[in-house]
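Numbering (this note's numbering), first residue to last: 6 to 156.
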Amino acid sequence: MRRFIQGLAIAAFAALSFAQAGFAADGKVHRIAIQVDQNDPAIMNLALNNVTNIIEYYRNKGEDVDVDLVTYGPGLNMLREDTSPVKDRIKHLKDFAFPGKIQFSACNNTKQGMEKKEGHAISILPEATIVPSGVVRLMELQEQGWSYVRP
6 MRRFIQGLAI
16 AAFAALSFAQ
26 AGFAADGKVH
36 RIAIQVDQND
46 PAIMNLALNN
56 VTNIIEYYRN
66 KGEDVDVDLV
76 TYGPGLNMLR
86 EDTSPVKDRI
96 KHLKDFAFPG
106 KIQFSACNNT
116 KQGMEKKEGH
126 AISILPEATI
136 VPSGVVRLME
146 LQEQGWSYVR
156 P
């Protein structure tokens, strides 16, 4: 009888473990928007550290997470081909470490303003997506239930 109870306990524990793993796989996707609006390499690296830590945390739990790092104003320099102090790190995160998990959003309003002020076209990193407005992007993501962080 004792072995039967032990076997039953082990089977129940295994079933619970599989149920939890199934819940994580079938559960909701965690979604977070991270804002960068400063031309400060320390802030940019902090935001990328946040991205890495968030994705690794949920990956280790077997849960899904989507990240949108939104830049506007002086923060757009993070995604400019000619000024980004973190472009190699962005490429590594987007293409190798976490493919398909991160979107880097570049504000088109800011881009157009910079182009007008500087008198030439600005190239955005190929890993980035140009969005009409960074602020509107953040607002819409929050309206859709995304969490929000400003490092």
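No residue lacks a Cβ here, since even glycine has one placed at the ideal position from N, Cα and C.
Note that the structure is a prediction, hence the values are computed from the model and not measured.
Beta-carbon proximity check, residue i vs residue j, cutoff 7 angstroms
| i | j | result |
| --- | --- | --- |
| residue 75 | residue 130 | no |
| residue 150 | residue 112 | no |
| residue 36 | residue 71 | yes |
| residue 60 | residue 106 | yes |
Nearest-angstrom beta carbon gap, residue j and residue i [assumed within contact, 8 angstroms]
| i | j | result |
| --- | --- | --- |
| residue 44 | residue 80 | 7 angstroms |
| residue 39 | residue 55 | 6 angstroms |
| residue 103 | residue 134 | That pair is no contact at about 15 angstroms. |
| residue 94 | residue 146 | In fact, because the Cβ distance is near 23 angstroms, the residues do not count as touching under 8 angstroms. |
Under the three-state DSSP convention, the category residue i falls into
| i | result |
| --- | --- |
| residue 28 | Its pLDDT being 38, under 50, residue 28 is placed unreliably by the model, and nothing is read from it. |
| residue 127 | coil |
| residue 103 | coil |
| residue 45 | coil |
| residue 73 | strand |
| residue 141 | helix |
CB contact below 7 angstroms: residue i versus chain C
| i | result |
| --- | --- |
| residue 141 | Among the chains in the structure shown there is no chain C, since it carries only a single protein chain. |
Burial state of residue i, where buried means 16 or more other Cβ atoms lie within 10 Å
| i | result |
| --- | --- |
| residue 73 | buried |
| residue 88 | exposed |
| residue 82 | buried |
| residue 99 | buried |
Same chain only: Cβ atoms within 7 angstroms of residue i, ignoring 5 sequence neighbours per side
| i | result |
| --- | --- |
| residue 28 | Because residue 28 carries a pLDDT of 38, less than 50, the predicted location of this residue cannot be relied on, and no value is offered for it. |
| residue 34 | 69, 70, 71 |
| residue 32 | 68 |
| residue 78 | 42, 115 |
heavy atom of the ligand FMN below 6 angstroms from residue i C-beta
| i | result |
| --- | --- |
| residue 107 | Ligands in the displayed structure: none, and consequently the ligand FMN is not present. |
Contacting residues, own chain, Cβ-Cβ under 6 angstroms from residue i (five flanking each side not counted)
| i | result |
| --- | --- |
| residue 46 | 90 |
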